[in-house]
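A quick write-up on the structure given underneath.
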Amino acid sequence: MKSRNHLLDLLRVYLALCVVNEHVIVLYNIDESLFLFLPSNIAVYVFFIMSGYFNYFSIIKYKIKEFYFNRFKRIYPQYLAVVFLSLILFIKYLQINELFEFIFFNSLMLNFLKPSFTNFNILSQVKAFNGSLWSIKYEVFYFIIAPLIHHLTHKSVLKKILINISPFVLYLLFQDAVFFYYCLFIIGNLIAKKEYVFISILSFLSIFLLPVSFIYSVILFGLFLILSMNYNVKLKVPDISYELYLVHFPIIQFIRLYFKEFNLLAFVVLTISITFSTFLLFKLKKNRFWKI
Numbered sequence: 005m006k007s008r009n010h011l012l013d014l015l016r017v018y019l020a021l022c023v024v025n026e027h028v029i030v031l032y033n034i035d036e037s038l039f040l041f042l043p044s045n046i047a048v049y050v051f052f053i054m055s056g057y058f059n060y061f062s063i064i065k066y067k068i069k070e071f072y073f074n075r076f077k078r079i080y081p082q083y084l085a086v087v088f089l090s091l092i093l094f095i096k097y098l099q100i101n102e103l104f105e106f107i108f109f110n111s112l113m114l115n116f117l118k119p120s121f122t123n124f125n126i127l128s129q130v131k132a133f134n135g136s137l138w139s140i141k142y143e144v145f146y147f148i149i150a151p152l153i154h155h156l157t158h159k160s161v162l163k164k165i166l167i168n169i170s171p172f173v174l175y176l177l178f179q180d181a182v183f184f185y186y187c188l189f190i191i192g193n194l195i196a197k198k199e200y201v202f203i204s205i206l207s208f209l210s211i212f213l214l215p216v217s218f219i220y221s222v223i224l225f226g227l228f229l230i231l232s233m234n235y236n237v238k239l240k241v242p243d244i245s246y247e248l249y250l251v252h253f254p255i256i257q258f259i260r261l262y263f264k265e266f267n268l269l270a271f272v273v274l275t276i277s278i279t280f281s282t283f284l285l286f287k288l289k290k291n292r293f294w295k296i
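First residue of the sequence shown? That's 5 in the numbering used here, and the numbers climb one at a time after it.
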């Protein structure tokens, strides 16, 4: 890509806000959502399509070692910072015998094996400090195999067909989420390559093989991409979507312990806390501390 498209950066921030909105609703048991926001599952699906889209340009831009190192710097430091933020926020619920287990599994991105502390689980309906981290393992899985897939399918049409269709078939057979999100990545990757015939075929197959929300998300991203190609935003927008997505859930969990009802004061405290934490995490990413 010749220049960064800031309209797509705005889209990523908007999608992250959709997820934040949904989590506030769920954790506070609010009956209604603002009509301005998409359902969180659609927002996450479009996120994954965008990851596949932008990841293609990184693959062709960098050598494989640089690609993996850049992905590591982009994902892991902020992730680890949020893990330790969660530990600090909820340390009063810690039993000392749980400390090593929590740090060990969460540091390895196996947060689903130790998502919180036992004493916290007694109080919370959602037994996880950070319910947003579930998607990170799918992102990391794709980033690991993406360069290999690119190498295998770069020149072979047969391999391209087999590798790109296989996750759709595997999802139909096993109904496993890893194949579903892999399908989203593939669509984003093919859109970046401008493989429109292939995209049309897979989109048609998805009508019969995948939930309708899949094709809806593909269409939605396609519309945003067409719009961005014709109306690129000149205003530079910081891409805080990943930081916002990472940090908002433990902040909501923590604030909810002290503000049981969602009222104006809770809204103000949540907004200030999430905004501050997001930009602090974004600032740490830009700081030379992360530039190993």
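Just so it is clear, CB atoms sit at the ideal spot from N, CA and C, and this is done for glycine as well.
- Taking C-beta separations shorter than 7 Å and ignoring five residues to either side along the sequence, the partners of S217 in its chain run N45, I46, Y49, following chain order.
- Put simply, of F178, N234, E199 the residue whose alpha carbon is nearest the alpha carbon of T157 is E199.
- When DSSP assignments are scanned along the region 5-53, the uninterrupted stretches of alpha helix (DSSP H) that are 4 or more residues long and fall wholly within it turn out to be 10-32.
- Counting other Cβ atoms within 10 Å of its Cβ, Q129 stays below 16 and is therefore classed as exposed.
- Selection S136, F133, L194 evaluated against I153 yields L194 as nearest (Cα-Cα).
- DSSP places S277 within a helical segment (H, G or I) once states are collapsed to three.
- Taking C-beta atoms as the reference points, F202 and Y57 fail to come closer than 9 Å.
- Distance from V241 to H27 at the Cβ level is roughly 23 Å; contact not present, criterion being Cβ atoms closer than 8 Å.
- Judged by DSSP in its simplified three-state form, V161 adopts helix.
- Along the region 146-199, the beta strand (DSSP E) does not occur as any fully enclosed run of 3 or more residues.
- Using a Cβ distance threshold of 9 Å, Y97 and L127 count as a contacting pair.
- When only Cα atoms are considered, L269 and I278 end up about 14 Å apart.
- In the assembly as shown, V87 is a buried residue. Its beta-carbon has 16 or more other beta-carbons within 10 Å.
- Secondary structure at I244: coil, using DSSP grouped into helix, strand and coil.
- The straight-line gap separating the alpha-carbon atoms of N101 and I107 is approximately 11 Å.
- Fewer than three beta-carbon pairs drawn from the region 62-69 and the region 103-120 are found closer than 8 Å, and the two stretches are therefore not classed as touching.
- With respect to N168, I149 sits apart: the two C-beta atoms are not nearer than 9 Å.
- In terms of Cβ geometry, L93 and Q257 form a close pair [threshold 9 Å].
- Selection I34, F41, R16, L14 evaluated against F271 yields I34 as nearest (Cα-Cα).
- A85: member of the alpha helix (DSSP H) spanning 68-93, first to last residue.
- Inter-residue distance for S245 and I53 is about 15 Å (C-alpha atoms, whole angstroms).
- Taken through DSSP and simplified to helix, strand or coil, L98 comes out as coil.
- F172 is the residue among F172, G192, N134, V17 whose C-alpha sits nearest the C-alpha of F212.
- Taken atom to atom, the span from the alpha-carbon of E105 to that of Q99 is near 11 Å.
- Taking C-beta atoms as the reference points, K118 and N110 count as a pair closer than 9 Å.
- Around G135, the same chain offers F253 as residues with beta carbons nearer than 6 Å, after the five sequence neighbours per side are excluded.
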